[in-house]
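Participant: Protein chains in written order, with the numbering used here: chain B, 918 to 1265; chain G, -10 to 176; chain L, 44 to 359; chain E, 436 to 1322. All C-beta atoms in this analysis are idealised placements derived from N, C-alpha and C, irrespective of residue type, glycine included.
#1: Could you compute how far the alpha carbon of residue 641/E sits from the alpha carbon of residue 1012/E?
#2: Is the segment 963 to 982 of chain B touching the segment 217 to 230 of chain L, taking contact as three or more C-beta pairs under 8 Å?
#3: If we count the other Cβ atoms within 10 Å of its Cβ and call it buried at 16 or more, is residue 750/E buried or exposed?
#4: Does any residue of chain G bring its CB to less than 8 Å from the CB of residue 1038/B?
#5: Please confirm if residue 963/E has its CB atom under 8 Å from at least one CB of chain G.
#6: Should the segment 1070 to 1078 of chain E be called in touch with the segment 1000 to 1019 of chain E, which here means at least 3 C-beta pairs below 8 Å?
#7: For a minimum of 4 consecutive residues, which ranges assigned as the alpha helix (DSSP H) are wholly contained in the segment 1041 to 1107 of chain B?
#8: Which residues of the segment 1235 to 1249 of chain B have a Cβ closer than 9 Å to any Cβ of chain L? Give them in chain order.
#9: Who are residue 520/E's beta bridge partners in DSSP?
#10: Compute the distance between the beta-carbons of residue 1263/E and residue 1178/E, then report whether it is under 8 Å.
#11: For a contact defined as C-beta to C-beta under 7 Å, what are the partners of residue 35/G on chain B?
#12: Note down, in chain order, all residues in the segment 450 to 479 of chain E with a beta-carbon under 7 Å from any beta-carbon belonging to chain L.
#13: Looking at the secondary structure, which residues open and close the alpha helix (DSSP H) in which residue 162/G lies?
#14: In the DSSP assignment, find the beta strand (DSSP E) that holds residue 124/L and state where it starts and stops.
#15: Suppose the cutoff is 6 Å on Cβ atoms and the five residues either side in sequence are ignored; what does the same chain contact list for residue 995/B look like?
#16: For residue 882/E, report the span of its alpha helix (DSSP H) as first-last.
#17: Using the beta-carbon count (16 or more within 10 Å), is residue 1037/E buried or exposed?
#18: Quick one, which residues of the segment 834 to 851 of chain E are near chain G if we go by CB-CB under 8 Å, in chain order?
#19: Residues of the segment 63 to 94 of chain L in Cβ contact with chain E at a cutoff of 8 Å, in chain order, please.
#20: Within 8 Å (strictly less), CB to CB, does residue 443/E reach chain L?
#21: Give the residues of chain L in contact with residue 1209/E, contact being defined as C-beta atoms less than 8 Å apart.
#22: From 831/E, 815/E, 825/E and 871/E, pick the residue whose C-alpha is nearest to that of residue 808/E; which is it?
#23: Taking the alpha carbon of residue 971/B as the reference point, which residue from 1186/B, 1116/B, 1134/B and 1209/B has its own alpha carbon closest?
#24: Can you pull the chain B neighbours of residue 61/L, defined as C-beta to C-beta under 8 Å?
#25: Taking only beta-carbon atoms, is residue 1114/B less than 8 Å away from chain G?
#26: Might you give, ordered along the chain, the residues of its own chain that have their beta carbon closer than 8 Å to the beta carbon of residue 176/G, omitting 5 neighbours on each side?
#27: In the DSSP assignment, what are the bridge partners of residue 46/G?
#28: Just to confirm before moving on: does the CB-CB distance between residue 194/L and residue 12/G stay below 8 Å?
#29: At 8 Å on the CB atoms, spell out the chain C contacts of residue 247/L, in chain order.
#30: With a threshold of 16 other CB atoms inside 10 Å of the CB of residue 819/E, please say whether the residue is buried or exposed.
#31: Per DSSP, residue 1226/E is paired with what?
#32: Name, please, each residue of chain G whose Cβ falls closer than 8 Å to the Cβ of residue 936/E.
#33: DSSP state of residue 54/G, grouped into three classes?
#34: In chain B, which residues lie less than 7 Å from residue 114/L when you measure between Cβ atoms?
#35: Alpha carbon to alpha carbon, how far is residue 301/L from residue 1258/B? Give it in angstroms, no decimals.
#36: Using a Cβ-Cβ cutoff of 9 Å, what residues of the segment 1075 to 1104 of chain B are near chain L? List them in chain order.
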């Protein structure tokens, strides 16, 4: 007899009470403070209705690094076009680095990593993951090529002039521009990836989540630029970071208002801590970015804060979704309310 | 089936009509070759569930001298092909990893099992039966009644034994003079 | 050529096999699970495991009545729920008043109400229901699968192809019923790391046999057949029960207009769906997918514009 | 009507037919101590205190008789209702719970006064001794299986008015079983009770029938046989016997448990229900035969001589001749109780050397597990044949007694052989199932490794024993050496042919080998042989009839061509009763077998089933005076195995504990018998030993030490002692742990936590399990008090994927006097929160309870609690005892 079993049994008892609560006319109690008043609902021994995703930290890390890569590619292209070589170089490298990291995270999270290439077996418009894979497959080589061009450019002259390398160097700008054009979907599709599920706190966020994620990507990549490039060249990065941070804070607030009770998990437990951290880091980073034009230290600190804030956003949203899936309340109550209002979801 | 690059599902999607890649375009080779093992079995024999006494008929599917499936026999007027969880688990009964397949022998005062081969074990049991019978034989009992029996050998059988088995058991023990021959039917 | 995404491709009533591109598919197959005759024997769970060679789900007592498999999972493709329902509020624990040690001696003062003990619980119910994958008309798991491992069969059912699945896990949170799951063990079991769920015994039905669970079910609580016919049968059964005074009987998942376009495996329940652990008004998430993609495109465009604006500013 | 059975859980596939009947409008009623999966599907569930079924059914009988709701035409014509009893008969109301003829010394009855008026009184004087003997040898019921011994024509009063006719006796006997009494004894409300009465009677009669289902919830009691008798009386009164949709169905729990009594491995009978010869009574071959056929008596047992000769001939072949009484002398003699529980006591006492366990796990599955294991630990050798390493094979290393130090492996001398057995698909043969149907199993694969069938094991064991004795000149070895032990072998393992054995069981002509088609072909001169006369026909025409598998959908609903049912492939016993005395169906709806005057030469019985009647005996046939045997059965007497051809409402012979079922409390009960001074079955079999204590019950003191009632039973997901389920992953996971079900009220009273642990204590053992608090168990008000019932499944032991304590350890051994089956469905106990003590401490706990209850001080429960000699502390309030005046 393991402790797990005992716990399960005790849970069974508590939850049996929950099952019978409706018949006894008492409300299904909440265990911790919540924004919305207690709603009476019934469940099967308090068991979740939907299953949480089997994803671990790899996936929010992937969401974050994908956004960072996308924003960085945009920064790199802008820097390239406006003659900011240091910012360009840093951004191209961070784009590639983030992309590489995200790929590793993605593959690592598979149940059968060796079958990664099966992702390209079909092209499914109904699957955000398939769509995203194809977007990444388009974006990745160009982002890689742009970063390769930076490497070539850093090589000693004679070597650099060998023909394949020279070609790489020549292709740096066009590749970087193509990557930049493809980058925004890389940042925004991940929001659809989460929203296109039955996980209550993800799905209910589907209207605003893309804006939260892209603005968060902007803040992160701006922060990265501030961190990695000399102050002189980071003006656009600071502006991107500031703009991203402000929009993220606004979009996140708007998102929560649209979610009903499924916003609760964003305030509770691990997700709540992450979201609060995200907010303060983003506000701090945004404030710091105003000073970052003058102080390298401020730039580094606020850049790091923004990166961390963006990461916290992704982890927070991820965890809130997981938590919402594990509590039947977030699945049952909105649906039950819908039915009780006489508004079931029907085709006709 | 030979695979060519043209079988790449993305191309199959593009060729239509399954543009969204949900149906025919997504089918794999294993899927195309899927066959139930009830169909590929070498033979199917009629059996009866060994658990309760309802008498549900079973069909046992055998492939390569292994039981690959046991399910209810739809022809049976008793169960009409249906089985309860125990009947449904009877392949698990036959193939359980805990199934005993060799003789285990525990010597007097031993703390562990030891292995024996079947022939030796049978010889040992036969010796013990003969000895116990001789040692405890009664031609007459304490009240001087003619009984010609032994009270030194007893048996208790489960009720999953076949009629033919019970018949031989009772026949042999009766000839041997052993009378404490009992069965689950008394329990 | 039909449009890439038709009017009914993501939502609404449709023949799923035809929609998926099968030409002249056979009649859609499904389950009608009539829980009013379920005896909770779990033959379906075992028959399913025997046929599909599913590993055991661990040996732990849950205390959830006689349900020790808890829910549908990678290793449980049929799951029988047990719900014990006391009827009257006072019945739960009749308190100190009538508690008596059963010792010999004079009867306790409450003896005049002796008959109460049995009269208090006239409507005690023990509901049992065998749950299974719903084989939705609009199946979120299938639609979000990036590899095409999950696919629609010619029978309109939804099946995982274990030789394709790479275990991305996306189908798991996509299912509005919490059916599909990635197998994590036990060690050495086949298909570990791969999404697992009911196949409606695709191999068997392709050969004209019945799915293992329906074949085993002693009381025909699980009925297998053509979905159209099963829906008729289900409607008639509900009417019959209503006439017999069982007003709690209702169908679940049988309406082609519902949030998943109607389930291929639907149920007759004797209480609200959530009592059995089923979502009361499930909706396939991909119904909102076009909207999601539009919002994502807008957000992407905003990012592009935002970046441009960042560079358009004065040189700092 | 389902009572004493949890059909949906224990026989789920059989339950499909109940569900089908329900869908067609049948009302399903379940009477049980616990709300089970059967109750969940029933139209009405009636909770009843465990062990009070006779009071409940007696109440229904009373309802029927008081309101004259019986099917009168059927009752007068087909039962012994009109038969007039002896003047000497005194009922339990006259004697405070005893019938006339009781001897407190031996606790047995002399049944002389129970006889029909004017019946031969030849048993007088001998009767008591006979009852004592019968209890020891579980042979009383032979009168039931061998038919009532009736000579002459006892007087009858078809108006049923005679005060001593069975009908009136019955009416008086049950007159105190009123709804109020049922409520007081059983804890069933009067409303619910009357609802059952209404449903049962309304669904019985000419146009409708009610089926009654029971299982071991009825048999495993100290009055088990009388439980079933009560059901039989009711079904006879309502005209439900021998008719389609009626009858009494015993749902048997093991694949071939019916076969195990037909072709028994039981100490008291030989195949075909022939008795094992008894050293006292069967001195000669003729004595033995006559004890079965009762010369001059009526009915089908008249041919017993032929059946016996054929069996002996099958056993000893050429050696069995008319000159040597067909080797009758070779049969060993029984002299008393040699049943499994007696034998276990003998093992503890060191009298038994060797023990075979054949697919049986008494360490978990038999009552009083501790006694079972201590017995096994005191043998010279033990042979266990099983699929798995069951607890009975490992008692010497991991039993509870090893934990307490009562068995020390280094000091335990028992040699243990564990032989792997073949599974049901690895051998061929027949099972006989609950409906008396034999079904043949074809072998699918060879058994793995050293696994072999019992057929192989015993054939070769016999061969080897015979080889060892081949040169013996000892007279005692003749039966072995003369044994017909020559079966064709086949396969790589020399497997004997099961089909050859089946042919021997069926019987054949010795000279030609032609299989017999019917037991009527059996000769008593040695020209035919057959191992089990009731199975004759299973190999008719040389065809294995049990192997027939003509699809059910291609046959009538009786499906006569699927398998083979004994006797004579008859599916419904006594089906002559489905027609009225004139031979016409009682109703067209309920027709099964009827007389067709136009068939054959002078008319024949015909119908959907094989008629259970002589095919050409017309309904108008009346025997001549003085005729015996089959010819004495009239054309309107459907119960052809009974001496008078009538269904027995009153049973003058054959039952040790009385001619009519009477409510007695279980041996262990917290309640005093409300009806009579006699507390429990006065004739029950008990082993009064220190190692078999019984918890005290009123009128003894200290029954409050064990205040709760417990009962045990099966779960769908497991099989009996778990030997065929705990070792399977797919079943083990469904019910993974031993648990104890209690009501919320009891949980509150004893501080038990749902999901936590508790332990249950009796004077035999303390076992633990996880607590399941459930309202499926509800406290009942009985005799003005609340009684709590504790329920335990008994599937667990120390082996397999899932383990736990064994519920059967809690039980003591007290047996039904008629059949020596233990009372394992009810006992008293205490329940405590938390896990039980470990090691020796558990013995201390049990001992402290015994001390408090006085079990140690005063061993031996007083069994007779009424009469001048009854030495009991009766502290009852006399007013509570008998409202209508104590004698």
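Facilitator: Taking the geometry as given:
#1: About 12 Å.
#2: Judged by Cβ distances under 8 Å, the segment 963 to 982 of chain B makes contact with the segment 217 to 230 of chain L, as three or more pairs qualify.
#3: Around the beta carbon of residue 750/E, 16 or more other beta carbons sit within 10 angstroms, so the residue counts as buried.
#4: Judged by the 8 Å Cβ criterion, residue 1038/B is in contact with chain G.
#5: Not closer than 8 Å to any Cβ of chain G, the Cβ of residue 963/E fails to qualify, so no.
#6: Short answer: they touch.
#7: Listed in chain order, the complete alpha helix (DSSP H) runs (minimum 4 residues) inside the segment 1041 to 1107 of chain B are 1045 to 1071 and 1074 to 1077.
#8: Of all residues in the segment 1235 to 1249 of chain B, 1238, 1239, 1242, 1245, 1248 and 1249 have a Cβ within less than 9 Å of some Cβ in chain L.
#9: 551/E, per the DSSP bridge assignment.
#10: Taking 8 Å as the cut-off, the beta carbon of residue 1263/E is found no closer than this to the beta carbon of residue 1178/E.
#11: The contacting residues do not exist; residue 35/G stays about 41 Å from chain B at best.
#12: Of all residues in the segment 450 to 479 of chain E, only 450, 451, 454, 470, 472, 475 and 476 place a beta-carbon less than 7 Å from a beta-carbon of chain L.
#13: From DSSP, the alpha helix (DSSP H) with residue 162/G extends over 152 to 165.
#14: That run of the beta strand (DSSP E) goes 121 to 128.
#15: Correct list, in chain order: 1153.
#16: For residue 882/E, there is no enclosing alpha helix (DSSP H), as DSSP gives it neither H nor E.
#17: Classification for residue 1037/E: exposed.
#18: Taking 8 Å as the cut-off between beta carbons, the residues of the segment 834 to 851 of chain E near chain G are 844, 845, 846, 847, 848, 849, 850 and 851, in sequence order.
#19: So the close ones are 80, 82, 83, 84, 85, 86, 88, 89, 92 and 93.
#20: Chain L, which has a Cβ nearer than 8 Å to the Cβ of residue 443/E, makes this yes.
#21: 108 and 127, listed in chain order.
#22: Distance check between residue 808/E and each of 831/E, 815/E, 825/E and 871/E places 831/E closest, using alpha-carbon atoms only.
#23: Across the set 1186/B, 1116/B, 1134/B and 1209/B, the C-alpha of 1116/B shows the shortest separation from the C-alpha of residue 971/B.
#24: Result: empty, since nearest Cβ-Cβ is about 17 Å, beyond 8 Å.
#25: Under the Cβ criterion of 8 Å, residue 1114/B is not counted among the residues facing chain G.
#26: The answer is none, since no qualifying residue turns up.
#27: Per DSSP, 37/G.
#28: Going by C-beta atoms, residue 194/L is nearer than 8 Å to residue 12/G.
#29: Among the protein chains in the structure shown, which are B, G, L and E, there is no chain C.
#30: Counting the other CB atoms within 10 Å of its CB gives residue 819/E a total of 16 or more, which places it among the buried residues.
#31: According to DSSP, which records beta bridges pairwise, residue 1226/E is partnered with 1146/E and 1176/E.
#32: By Cβ distance, chain G contributes 153, 156 and 157.
#33: Coil.
#34: Residues of chain B passing the Cβ test: 964.
#35: Approximately 16 Å, taken between the alpha carbons.
#36: Along the segment 1075 to 1104 of chain B, going in chain order, the ones with a CB nearer than 9 Å to a CB of chain L are 1097, 1098, 1100, 1101, 1102, 1103 and 1104.
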